[in-house]
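Undergrad: Those protein sequence lines, which keep their order, are chains A and B. Just so you know, the first sequence maps onto residues -1 to 109 in the numbering used here. Just so you know, the second sequence maps onto residues 11 to 126 in the numbering used here.
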Amino acid sequence: GESVGLHLPTLSVQEGDNSIINCAYSNSASDYFIWYKQESGKGPQFIIDIRSNMDKRQGQRVTVLLNKTVKHLSLQIAATQPGDSAVYFCAENEYFNKFYFGSGTKLNVKP
Amino acid sequence: NAGVMQNPRHLVRRRGQEARLRCSPMKGHSHVYWYRQLPEEGLKFMVYLQKENIIDESGMPKERFSAEFPKEGPSILRIQQVVRGDSAAYFCASSPSSGLAAWEQFFGPGTRLTVL
């Protein structure tokens, strides 16, 4: 299958700073993407999604950017908090309900 | 409104035994997905089911693994004759059957399988 990968496996940021987590995807036919947050010992939690007809979507403190030209996805977290410490995955929808997940980026928020 | 339920949360089996993992989707959801996650890795799609139907099992190993989602009751992921390589966290997700929300999958807390 197509691959979904991340540039940075671990990201450390200071509390209050902004965080940017990146994701590359290789299937140009993918038309829907989701960012998930996974805390230790828990299942993935939906954060935000974006469809391929959009370049940007904003939620509460989070923004997802999609660059279809270079097949790149990013998640921006504003004013990062200790509770944001987790592993973040991007998921790429290949067709219908089948998703491919990247290997994840671990976000460490330093107080 | 309860979320996706999985049980057991932790399961220990010896090599050669069978493992049965159960998943109850969110109320009103008729689509179930199973994923496997190895330590420090992402989730790998295994199978997608609707009630009484397997829609996509392209991620399931050809042998020893099976899944079902009966008309009544939870979805079951069954692993026969477990081996140490089956040790992983198994996550179930569910989604509604239609509408834009059908694309969003809600995940359960997972079952952590350890094979001794």
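Just so it is clear, CB atoms sit at the ideal spot from N, CA and C, and this is done for glycine as well.
Let's test the definition: count the other Cβ atoms within 10 Å of the Cβ of Asn91(A) and tell me whether it reaches 16, buried, or not, exposed.
TA: Here residue 91(A) is taken as the residue at index 93 of the first sequence, counted from 1. Buried.
Undergrad: Return yes when the Cβ of Phe75(B) is within less than 7 Å of the Cβ of Ile86(B), no when it is not.
TA: In the second sequence, counting from the first residue as 1, residue 86(B) sits at position 76. In the second sequence, counting from the first residue as 1, residue 75(B) sits at position 65. Result no, Cβ atoms of Ile86(B) and Phe75(B) do not sit closer than 7 Å.
Undergrad: For chain B, check one thing: does any of its Cβ atoms lie closer than 7 Å to the Cβ of Asn95(A)?
TA: For the purposes of this step, residue 95(A) is taken as the residue at position 97 of the first sequence. It does; some Cβ of chain B falls within 7 Å.
Undergrad: State the Cα-Cα distance for the pair Ile48(A) and Ser26(A), rounded to the nearest angstrom.
TA: Residue mapping note: residue 48(A) aligns to position 50 of the first sequence, counting from 1. Residue mapping note: residue 26(A) aligns to position 28 of the first sequence, counting from 1. C-alpha separation (whole angstroms): 15 Å.
Undergrad: Chain A partners of Tyr58(B), CB-CB under 7 Å?
TA: The count along the second sequence starts at 1 and reaches residue 58(B) at position 48. Correct list: Asn95, Lys96.
Undergrad: Assuming Ser104(B) contacts His41(B) under a Cβ cut-off of 8 Å, what Cβ separation, rounded to an integer in Å, is found between them?
TA: Within the second sequence, numbered from 1, the residue matching residue 104(B) stands at position 94. Within the second sequence, numbered from 1, the residue matching residue 41(B) stands at position 31. At roughly 6 Å, the Cβ-Cβ gap stays under 8 Å, so Ser104(B) and His41(B) are in contact.
Undergrad: Leaving out five residues before and five after His121(A) in sequence, what residues of the same chain have Cβ atoms less than 6 Å from its Cβ?
TA: The structure shown does not extend to residue 121(A), since chain A is modelled only from -1 through 109, so no value can be given for it.
Undergrad: By the DSSP assignment, the beta strand (DSSP E) with Ser76(B) in it spans what residues?
TA: What you label residue 76(B) is simply residue 66 of the second sequence in a count that begins at 1. Unbroken beta strand (DSSP E) run through Ser76(B): 75 to 78.
Undergrad: Hey, Thr124(B) and Val57(B): beta-carbon distance below 7 Å or not?
TA: Looking up residue 124(B) in the second sequence gives position 114. Looking up residue 57(B) in the second sequence gives position 47. No, they are not a contact pair.
Undergrad: Only counting runs of 3 or more residues, tell me where the beta strand (DSSP E) segments fall wholly within the region 36 to 89 of chain B, in order along the chain.
TA: You should have 41 to 47, 53 to 60, 63 to 66, 75 to 78, 85 to 89.
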